[in-house]
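Protein chains in written order, with the numbering used here: chain A, 1 to 315; chain B, 316 to 616; chain C, 617 to 1175.
Structure, rendered in structure tokens:
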């Protein structure tokens, strides 16, 4: 029980630290945020900039800004974005939905595909099928993501013309959305599954050398049963932490996919906000991500202890 | 003297033997050596100087094997010199990241107690920082040099190494030879660096290699976004200019495919090399003992 | 049509699952997998082709012009979003416009009068406009918009601060009086859109007001729908429009995040033309489009240009001879070829391009490195330590700090090369927008590469003076000239209304640029717009290219 409290305390402290970092980091970036609202147009002068600066609350002392920050966080008021002309929470929510769809699907698919094929490849590592899948997934692991995204787009959407070139949808019907999402989800899944594949394979290879698979064989289980009932679950432990982290970072989006496929997601939101020095949006986004990551970690800890009896009984 | 030379040679042979069990990883090692060679001897291998300008947008020909880019630079020359920057960034980042992870993991695992808790908490925080946005922030903040990319990436990636090192140290510190060293009165730091350190190094070598690979891809991705060093001629920057200056739209595949391919193949070779190491880390204890004489004092229960 | 597709899709999916669930007798596992796999593939193929067919069919029913743009719209806020405010120039046209001759004429206003001292302006509004919801457009909307914009739009605060009175003289005339003279108020009002009073008087905070549905307009078209997740803004015909009827039923603006992908879409046929404010279609992508033979290309010389400006206060560039030498060091042919792929002209010393009204010829800018070196050595710069680089008269090695924004990284490299050729060492700094602006404002540079937009060229006292007059500060301007003779020139232009006098003053300005060299134009580029052969009747405006009302009214689909 005391261990549980210690862990809870550590998570709470981590969260508080991250939330505070969230406040300071954007303010440490150089450049005047008011400037960036203007862009290249030259039709206004310095007086107007000062007015806007005051409206944004940037003239108050840093300490006061910090206190106001905490007050707002606890009320779930994430501020207002001058760059996007909306409440930050509304902006985030809109983007989060689609990012969840895009990245969430890829993480789930990638987890299953990677784990499945990885375990098969590790279990029967000498066979041709395994070598083929290993080479294939290694290749996808090594290609730079943006490169592959553009090549896929060029080939499937342009040259072959079977997929659209941009957007989450055109008419908004379900088949239309699916049609638009196929290519981006495919590319992302290839990447996540490649990484999962490599890890799963290595893990299964290590498990193969242990005694218990041999014992299970001796008991009379077939190869496949040994793999599916015992080895797979034990080998999946290192993968679980990684997938949990993936879920945690879902809301940091997939920047390259979003740019290549012209999709409005969290990735481009964060990127645009950084370039525009939009403090409120950045803070809101980081907060959301931090919360997700902490919860994902807690979930991973729980899952880990459920799956691995050794961890369960260690306390 | 006579004893050392054969054992070192034997060590190398064992490495090769080990790698031979996974022929792909031997291929990986060879390919990586080729890239290293190209990077080191770029000046001799490249057909032209890196800043020489010719007619722009030329297709591949006898004099320009991969044609020329939008500024008239020979693409093959750019490719060869690009290996330097890409490899440098990758290797240095990995050194920084694994070095940092190693030190923190050692200290945390050996001294335990409050130090351990604090360091682990710090690691947790770093783990939870979303990497890509933070990298973008720092790259936007101070962008002109690739040293900065090395610094930022290195400071973000040590977290995974720490965990591995720490668990290994926890394992080792209970072993007989450590206990006896402590009883004999050696200072904690001495034990840490001359007994424990050598035993943990092998664990992180595969991690080191994978970090090199990840760093290379990250640098390419950052350059593609426009956050890299515009004056460096890394492979990522080449791809970026190829897309930005119309190489892609003009189907000049000899401009954007080679650097992409180079990154892929280089990363692939590194990953393959780390493959064999990962699978038989224990075996390598023997091999490295042969390779590095000072580690012969190592004992295993 | 979509409903049928959906039904078809659902039924085939159901059939699939039923088929797969059953287990044919004597069928091995392997065969079963094969069967499922093949049926899945067939299903996928049918699904994809149906979707593609559905999208194609939708497009052939009406004549909808599709415009692709890389300009991102950040939020469905027609009042506050910068790019959206450009797009609504069709639905909510401003008071004035700049015609193809470069003169400021009325758009929504039919007549403009101003008082002698330029503090009072009277706009007569055209009588035949109607809002798309049926309400009659009136001068009240104009009056309301002027005050409202001044009150809420941050960059129009000058209206709020200096407006003394605004009132209707009669049904169709608005009189506004300011506390200080504005000689070029009509220019300012080419950029402010007009909003419906009966809707916006109930909106207290327009900068925060989002409306992704219908936004009414009084132009020939109005916004039907803004869908940022699909990246499309739909404009439909204004049913109450009294002017000449357009030949298209509506148009769509498709937003792409990546210009290359946009080019592909253009080629594939997903969009019919390309538009980006004050920019040309990327030169590198032109050739490929030409090969498809489906496009005509219109080329107009840009009013804006790319140039390098100098620090006139400190460092080596404070010396006129030094600047002169630098102006001979640049290979203008090569820069035009490499940066604009030859789409443009070599500039002359007068800075202002021929596309701008008031242009007078000046001496051409030449590439003559020998002459540059001679000028430098005559002026006392020599390479005493024989390291290949010159020192100044005091013996200190010259190292020019050259600021470039990332968009022009290649130019930075080229300039570094050119200057090295004449013995000047350059340190190039690549900066993002913020750092660039900060460095520029603190005169933390020797040479600066910048771009002027058409709007920027018109600003202040016209002919680019807005960039150089040190009394004008702001994000994109250089404010590096404080020479009293130049400032006097600007004031004279601002005070004068006589066209002949203005012509003379324009000549003086260009002569000043040629003689005093505060900046050197690097090239005058052409704005190339790809126009699908199916559509004809495009009209160009200096400020907004093909995106203007005349264009959308006269453009038609030819078969």
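Backbone N, C-alpha and C fix where the C-beta goes; we use that ideal spot for every residue, glycine too. Keep in mind the model is a prediction, meaning the values are calculated, not measured.
Is the Cβ of residue i closer than 8 Å to any Cβ of chain B?
{"i": "residue 962 of chain C", "result": "no"}
{"i": "residue 13 of chain A", "result": "yes"}
{"i": "residue 1026 of chain C", "result": "yes"}
{"i": "residue 926 of chain C", "result": "no"}
{"i": "residue 289 of chain A", "result": "yes"}
{"i": "residue 146 of chain A", "result": "yes"}
{"i": "residue 949 of chain C", "result": "no"}
{"i": "residue 171 of chain A", "result": "no"}
{"i": "residue 138 of chain A", "result": "yes"}
{"i": "residue 17 of chain A", "result": "yes"}
How many whole angstroms separate the CB atoms of residue i and residue j, which I take to be in contact at a CB cut-off of 8 Å?
{"i": "residue 853 of chain C", "j": "residue 837 of chain C", "result": "6 Å"}
{"i": "residue 472 of chain B", "j": "residue 528 of chain B", "result": "With 8 Å as the limit, residue 472 of chain B and residue 528 of chain B do not qualify as a contact, their Cβ atoms being about 12 Å apart."}
{"i": "residue 398 of chain B", "j": "residue 357 of chain B", "result": "7 Å"}
{"i": "residue 788 of chain C", "j": "residue 751 of chain C", "result": "Actually they do not touch by this definition, with Cβ atoms about 16 Å apart."}
{"i": "residue 1044 of chain C", "j": "residue 1018 of chain C", "result": "5 Å"}
Starting from the beta carbon of residue i, find every residue of chain D whose beta carbon is closer than 7 Å, and list them in chain order.
{"i": "residue 691 of chain C", "result": "The question asks about chain D, but that chain is absent: this structure's protein chains are A, B and C."}
Measuring straight from C-alpha to C-alpha, what distance separates residue i and residue j?
{"i": "residue 320 of chain B", "j": "residue 517 of chain B", "result": "Confidence at residue 320 of chain B is low in this model, with a pLDDT of 44, below 50, so its placement is unreliable and the value that follows should be read with caution. Distance between the alpha carbons of residue 320 of chain B and residue 517 of chain B: 22 Å."}
{"i": "residue 600 of chain B", "j": "residue 189 of chain A", "result": "The predicted position of residue 600 of chain B is uncertain, since its pLDDT is 44 and thus under 50; a value taken from the coordinates is nonetheless stated next. So the alpha carbons of these two residues sit roughly 37 Å apart."}
{"i": "residue 277 of chain B", "j": "residue 904 of chain C", "result": "In the structure displayed, chain B extends from 316 to 616; residue 277 of chain B sits before or after that span and is not available."}
{"i": "residue 113 of chain A", "j": "residue 9 of chain A", "result": "36 Å"}
{"i": "residue 826 of chain C", "j": "residue 1149 of chain C", "result": "37 Å"}
{"i": "residue 467 of chain B", "j": "residue 449 of chain B", "result": "9 Å"}
{"i": "residue 936 of chain C", "j": "residue 1074 of chain C", "result": "27 Å"}
{"i": "residue 800 of chain C", "j": "residue 1110 of chain C", "result": "7 Å"}
{"i": "residue 992 of chain C", "j": "residue 941 of chain C", "result": "6 Å"}
{"i": "residue 819 of chain C", "j": "residue 812 of chain C", "result": "11 Å"}
{"i": "residue 161 of chain A", "j": "residue 391 of chain B", "result": "33 Å"}
{"i": "residue 985 of chain C", "j": "residue 1145 of chain C", "result": "35 Å"}
{"i": "residue 1052 of chain C", "j": "residue 1022 of chain C", "result": "10 Å"}
{"i": "residue 786 of chain C", "j": "residue 776 of chain C", "result": "23 Å"}
{"i": "residue 7 of chain A", "j": "residue 416 of chain B", "result": "22 Å"}
If we call anything under 8 Å between Cβ atoms a contact, is residue i one with residue j?
{"i": "residue 265 of chain A", "j": "residue 98 of chain A", "result": "yes"}
{"i": "residue 970 of chain C", "j": "residue 981 of chain C", "result": "no"}
{"i": "residue 439 of chain B", "j": "residue 14 of chain A", "result": "yes"}
{"i": "residue 1129 of chain C", "j": "residue 952 of chain C", "result": "no"}
{"i": "residue 515 of chain B", "j": "residue 434 of chain B", "result": "no"}
{"i": "residue 1134 of chain C", "j": "residue 938 of chain C", "result": "no"}
{"i": "residue 356 of chain A", "j": "residue 110 of chain A", "result": "Any answer about residue 356 of chain A is impossible in this case: the structure gives chain A only from 1 up to 315."}
{"i": "residue 204 of chain A", "j": "residue 11 of chain A", "result": "no"}
{"i": "residue 232 of chain A", "j": "residue 194 of chain A", "result": "no"}
Quick one: is residue i near chain A, going by C-beta distance under 8 Å?
{"i": "residue 523 of chain B", "result": "no"}
{"i": "residue 1059 of chain C", "result": "no"}
{"i": "residue 536 of chain B", "result": "yes"}
{"i": "residue 583 of chain B", "result": "yes"}
{"i": "residue 893 of chain C", "result": "no"}
{"i": "residue 844 of chain C", "result": "yes"}
Does the CB of residue i have a neighbour CB from chain C at under 8 Å?
{"i": "residue 250 of chain A", "result": "no"}
{"i": "residue 307 of chain A", "result": "no"}
{"i": "residue 369 of chain B", "result": "no"}
{"i": "residue 385 of chain B", "result": "yes"}
{"i": "residue 557 of chain B", "result": "no"}
{"i": "residue 541 of chain B", "result": "yes"}
> Three or more beta-carbon pairs under 8 Å between the segment 782–796 of chain C and the segment 728–737 of chain C, yes or no?
Replying inline: The answer is yes - the segment 728–737 of chain C touches the segment 782–796 of chain C, with three or more Cβ pairs under 8 Å.
>> Measuring CB atoms only, is the segment 573–583 of chain B touching the segment 548–563 of chain B, in the sense that at least three cross pairs come out at less than 8 Å?
In response: Because the criterion of three Cβ pairs below 8 Å is met, the segment 573–583 of chain B and the segment 548–563 of chain B touch.
>> For the segment 291–299 of chain A against the segment 705–722 of chain C, do three or more pairs of beta-carbon atoms, one drawn from each stretch, fall closer than 8 Å, so that the two count as touching?
In response: Output reads no: the segment 705–722 of chain C does not touch the segment 291–299 of chain A.
> Counting Cβ pairs closer than 8 Å, one from the segment 862–872 of chain C and one from the segment 678–689 of chain C, do we hit at least three?
Replying inline: The answer is yes - the segment 678–689 of chain C touches the segment 862–872 of chain C, with three or more Cβ pairs under 8 Å.
>> Is it the case that the segment 274–284 of chain A contacts the segment 78–89 of chain A, given that we only count it when at least three CB pairs across the two stretches are under 8 Å?
In response: Taking 8 Å as the limit for Cβ pairs, the verdict is that the segment 274–284 of chain A does touch the segment 78–89 of chain A.
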